[in-house]
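**Student:**
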Amino acid sequence: MDTSAILAALSLGEEKDWEFKAARGGLPGSVWDTYSAMANTDGGVIVLGVAQKDGRFAVEGVPDALKMKQDFWNLANNRGKVSINLLSNDDVTIETIDGQSVIVVRIPRATRRQRPVYVGQNPIEGTFRRYQEGDYRCSHDEVGRMLADQAEDPADGEILEHFGMDDLDPESLNQYRNRFSARAPAHPWLALDGRGLLEKLGGWRTDRPTGQHGLTVAGLLMFGKDEAIRDHSAIPQYHVDYRERLSDDPEVRWTDRLTGDGTWTANLFQFYQRVLSRLFADLKVPFQLRPDMFRKDETIVHEAIREALVNALIHADYRGKGGIVIEKYRDRITLSNPGSLLLPVEQLFRGGISECRNKSLQLMFQQIGGGEKAGSGIDKIRQGWASQKWRLPLIRETTRPERVSVVLPMVSLLPPASLDKLHRLLGAKFGGLGPEEVQALVTADVEGEVTNFRLRQFSDRHTTDITKLLQTLVSKGLLDKDGYGRAATYQLAGPLVAFITPATAEARSGHRGPNSGHKTEGSGHKGEEAPAIDPEHDPALLAIAEPARLSPRLKPDEMRPIVLRLCEDRYLTFRQLATLLGREPGGLQRWTLRPMAQEGQLRLKYPETPNHPRQAYRSSPRSADGGVSGEAS
């Protein structure tokens, strides 16, 4: 029985991560590693009584479902086995599939105050998270960040010993005061001296129980000098980076770049001012008058971009990896920051609840007109994008390293070019598609893939209805599916990809299709020698990839060096890599290839179109030794 049949039988759709365990010999001990991993990541579903063999699933049932269910509850409530029981009675049920009894355990995402959820009595040794479709043991640093997020005291309220006013940039503090005054000229805090203003903003704090007082992390991040912020006893991982890619010339990597290079004071306030002006540079402002008869010089789109930038700065975990990275393209803006989400993505889109990692930074930006409280920030971003009928913002959360990315597409919900391509290919069949089916195909075209969750952002239909819609498009030969559960992604089917990409021209000239090992996939640049045989059948590449094919759940630090070796001196598509590695293409691209590209380990063949359906990857020269770079390609 395949996964889709199991999903249909349980009527749960594709909004969950899934784990199937045979459990023929009783309750498997590994169930608690998966319980911990799902709780610490994004929730999920464990099904006991389903075996996985050679990528296929067989319903075997469990020998005594009632006893196994009771055994599960006994251990779930045993603090010596697992740190916390997150489950209610309705979360553990016995279901019947093909006459066999299976146990279904629905695990919610733990709140930040419940994480880390760990096995045994030692969080350092017993904390797990999900990566792709498997569990991995968290590092000491990952557990430490969960414990820090668990605390009631915000991360930026920590008092830094041996740091003081001399570590701040006076010009930054003066410029901030001027912006504060322009927005609220009669505010009583403006009458205070520099240290007094900092105290009100949370940049200087006194700890009453100990009597300790001094500069806080927030004060140093917002107004500090570069060398003070990056001091080994402060925030040594601190990094801010703005990248502008507006040129059509592939040899021009950046049209503008702003990073801490010593030519300016790279604290958060200065970064915010400089980046905001660059993001606003190309936005049109219609002629409108404010009530005071002065011209209104901003639109709701300006407000949305400001909100997105501030969100990245106030929610970042500045002790995480990679720093703040803002990228501006012709058709989108991407904002990426270290750290995990404190709320599930679904809750962020619903709004109404605010969780902030750095509350003093939040207050500092609010006082100069940036940042919203009460969970309304995402609403403002969505309203700004809806006003232009642009595609809705996309939020992604990744692990290893933990990062949150927000993509702001500046393209139409239904781009005419995409509609025209689909209409030309499908002919009269195009007119027989419903609006949501068209939106699914367009999303797969524009964004490279479509998922159940992404499509729900364009529709108020139930998740199971959307799953049926996507599966219908698969049955019509219009979409291909990769993965299952939350990891399930849908890409345009092969014939559509060949039609709407440069492969069309290649096909007309007698070249082979996108998945046939076309010689340009391995060539990268003109003049390089093309491989003599298809990469998927190259004995040398197959030998490199063999450890991955033999181990369906290879750890990330074991998988990445293999990918780098495969991509040395050649471009390989994600589908070619998936074939070599024995992985599902969608999951491999999402959980391995894209993060490696973001970290600069891999170069993209189509850097201006990261979701290009024929995207290919090549090892960056600086990553030949498998090291991690903080600069994305």
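In my numbering, the protein residues as written are -19 to 613.
Ideal Cβ positions, reconstructed from N, Cα and C, are used throughout, including at glycine.
Fair warning: this is a prediction, and the values are worked out from it, not measured in the lab.
In the DSSP assignment, what residue or residues form a beta bridge with ALA38?
**Tutor:** Bridge partners of ALA38: ALA31.
**Student:** Closest to GLY474 by C-alpha separation, out of HIS403, ARG555, GLN451, ALA420, would be which residue?
**Tutor:** It is ARG555.
**Student:** Buried or exposed: GLY204, going by 16 or more other Cβ atoms within 10 Å of its Cβ?
**Tutor:** Classification of GLY204: buried, given that the 10 Å Cβ count is 16 or more.
**Student:** Compare the C-alpha of PRO395 against each of LEU148, LYS308, TRP370, LEU521 and name the closest.
**Tutor:** Considering only alpha carbons, the answer is TRP370.
**Student:** Closer than 7 Å by C-beta to ILE280: which residues in its own chain qualify, once you throw out the five before and the five after it? Chain order, please.
**Tutor:** So the qualifying residues of the chain are GLN363, GLY364, SER367.
**Student:** Sort out for me which residues DSSP pairs ASN630 with in a bridge.
**Tutor:** Look at the range of the chain in this structure, -19 to 613, and you will see that residue 630 is not part of it.
**Student:** On the criterion of 16 or more Cβ atoms from any shown chain inside 10 Å, does LYS409 qualify as buried, or is it exposed?
**Tutor:** Its Cβ having fewer than 16 others within 10 Å, LYS409 is exposed.
**Student:** Please go through the same chain and pick out, in chain order, the residues whose beta-carbon is closer than 6 Å to the beta-carbon of VAL325, but skip the five residues on each side of it.
**Tutor:** Result list for VAL325: ILE375, in chain order.
**Student:** With a cut-off of 8 Å, do at least 3 Cβ pairs link the region 285 to 299 to the region 249 to 263?
**Tutor:** Touching, yes.
**Student:** Does the beta-carbon distance from TYR218 to ARG210 come in below 8 Å?
**Tutor:** Going by C-beta atoms, TYR218 is nearer than 8 Å to ARG210.
**Student:** Between PHE433, LEU248, SER63, THR186, which lies nearest to ASP149 when the distance is taken from Cα to Cα?
**Tutor:** Minimum Cα distance to ASP149 is reached at LEU248.
**Student:** Is the distance from the Cβ of LEU614 to the Cβ of ARG312 below 8 Å?
**Tutor:** Any property of residue 614 remains undetermined from this structure, which presents the chain solely from -19 to 613.
**Student:** Would you report the Cα separation of ARG163 and GLY351, rounded to the nearest angstrom?
**Tutor:** Taking the straight line from one Cα to the other gives about 14 Å.
**Student:** Use the C-beta contact count for GLU307: other C-beta atoms within 10 angstroms, 16 or more gives buried, fewer gives exposed.
**Tutor:** Under this definition GLU307 is a buried residue.
**Student:** Given this structure, state the Cα-to-Cα distance separating LYS499 from ARG594, to the nearest angstrom.
**Tutor:** The predicted position of LYS499 is uncertain, since its pLDDT is 38 and thus under 50; a value taken from the coordinates is nonetheless stated next. Distance between the alpha carbons of LYS499 and ARG594 is about 13 Å.
**Student:** Between the alpha carbons of GLY29 and ILE446, how many angstroms are there, rounded?
**Tutor:** Between GLY29 and ILE446, the C-alpha separation is close to 27 Å.
**Student:** Can you tell me whether LEU46 is buried or exposed, with buried defined as 16 or more other CB within 10 angstroms of its CB?
**Tutor:** It counts as exposed.
**Student:** Take PHE108 as the anchor and find which of THR379, SER213, LEU573, ALA468 has the nearest alpha-carbon.
**Tutor:** Of THR379, SER213, LEU573, ALA468, the residue nearest in Cα terms is THR379.
**Student:** Which value, in whole angstroms, describes the spacing of the CA atoms of ILE524 and PRO381?
**Tutor:** In a straight line, the C-alpha of ILE524 is about 25 Å away from that of PRO381.
**Student:** Quick check on DSSP: helix, strand or coil for TYR298?
**Tutor:** Three-state DSSP puts TYR298 in coil, outside helix and strand.
**Student:** Taking the alpha-carbon positions, what's the LEU421 to ARG310 distance?
**Tutor:** Approximately 22 Å, taken between the alpha carbons.
**Student:** CB LEU534 to CB LEU560, shorter than 8 Å?
**Tutor:** Contact: no.
**Student:** For LYS49, collect the residues of the same chain with a Cβ closer than 8 Å to its Cβ; drop the 5 residues on either side in sequence, then sort them by chain order.
**Tutor:** Taken in chain order, the residues that qualify are VAL72, ILE74, ILE83.
**Student:** I need the boundaries of the beta strand (DSSP E) containing GLN80, first residue and last residue.
**Tutor:** Start and end: 80 to 87.
**Student:** Determine contact between the region 51 to 58 and the region 91 to 104, defined as no fewer than three beta-carbon pairs at a distance below 8 Å.
**Tutor:** Short answer: they don't touch.
**Student:** Mind checking who ARG223 pairs with in its DSSP beta bridge?
**Tutor:** DSSP, once it has assigned bridges, lists ARG237, GLU307 as partnering ARG223.
**Student:** Would you decide whether THR76 is buried or exposed? Buried here means 16 or more other CB atoms lie within 10 Å of its CB.
**Tutor:** THR76 is exposed by the Cβ-count criterion.
**Student:** I believe THR196 touches ARG185 by the beta-carbon criterion, under 8 Å. Please report the beta-carbon distance rounded to the nearest angstrom.
**Tutor:** 5 Å between Cβ atoms; contact.
**Student:** Can you tell me whether ASP129 is helix, strand or coil according to DSSP?
**Tutor:** ASP129: helix per DSSP, three-state reduction.
**Student:** Bridge partners of ARG256, per DSSP?
**Tutor:** A small correction: the amino acid at residue 256 is Leu; Arg does not occupy that position in the sequence shown. Looking at the DSSP assignment, LEU256 forms no beta bridge with any residue, so it has no partner.
**Student:** Taking only the alpha-carbon atoms, compute the straight-line gap between MET18 and HIS167 and give it to the nearest angstrom.
**Tutor:** Roughly 47 Å separates the two Cα atoms.
**Student:** Rounded to whole angstroms, how far is the Cβ of GLY24 from the Cβ of ILE87, which I believe are closer than 8 Å?
**Tutor:** Between ILE87 and GLY24 the Cβ distance is about 5 Å, and since that is below 8 Å, they are a contact.
**Student:** Suppose only complete runs of 4+ residues qualify. What are the alpha helix (DSSP H) ranges in the region 409 to 466, listed by chain order?
**Tutor:** For the region 409 to 466, whole alpha helix (DSSP H) runs of length 4 or above, ordered along the chain, are 415 to 427, 432 to 436, 443 to 455.
**Student:** So, using beta-carbon positions, are SER16 and VAL85 closer together than 8 Å?
**Tutor:** No, the pair does not count as a contact, with Cβ atoms beyond the cut-off.
**Student:** What's the call for GLU548, buried or exposed, on a 16-neighbour Cβ count within 10 Å?
**Tutor:** Exposed, by the Cβ-count rule.
**Student:** Would DSSP call PHE143 helix, strand or coil?
**Tutor:** Coil, per DSSP.
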